[in-house]
Each structure stands twice: as structure tokens, then as C-alpha cells.
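These notes concern the structure reproduced below.
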Amino acid sequence: MATCPECDAEIEVDEFDVDKGDQLSCPECGSNLEVTGLSPIELDLAPDEDDEDDDLEDDDEDAEDDEEEEDEEDGDFDE
1077 MATCPECDAE IEVDEFDVDK GDQLSCPECG SNLEVTGLSP IELDLAPDED
1127 DEDDDLEDDD EDAEDDEEEE DEEDGDFDE
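In terms of our numbering, the numbers along the sequence shown are unbroken and rise by one, the last being 1155.
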């Protein structure tokens, strides 16, 4: 038995059917959960996939900004 960190509901999880890092959802509140421990089973809120995608997009934008700054410093202007 494991406990949902969001709503404290008891969740029946078979420790032989899950691995650390597996994700599941709480049947009571619907929160996405990640298995963080196996003996005993420990659950934590899973990171949002949308947040990870946003971080990747931000990194791409930062790289483009850096390239533009380098071009301006070198005097390479596309006019």
C-alpha cells in the first residue's frame, strides 16, 4: 500500500509490478505520480511533461539570442 502525496488516499501498488521511475495516476484525485521508492513503495508527484517541453523551448531561444549577440559583437550584420 502506498499513499498519494496530493490527497493522502491509500493506493494499492504491487511492488513486483512497478519499477523506480514508473508513473501512475491516483484513482482518487487523478494526480500523476512517480514511483520514487520500492521497499516500501513511495510515491511523489510526477514532473509535468509540459514544463519539460517549456524548458527545452526556452533553451533553444536562449541559444538563438546568444548567436545574435555574438554576430553584433563581431560586426557581422546582415543588412
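Heads up, the beta-carbon is just placed ideally off N, CA and C, and yes, glycines get one too. On a predicted model such as this, the values are computed, not experimentally measured, just so you know.
Rounded to the nearest angstrom, the gap between the Cα atoms of D1098 and E1118 is 11 Å. A Cβ-Cβ contact shorter than 7 Å links E1104 with C1083. E1118 is bridged by DSSP to G1113.
The continuous stretches of beta strand (DSSP E) do not include S1107, and DSSP gives it neither H nor E. When only Cα atoms are considered, L1121 and G1113 end up about 13 Å apart.
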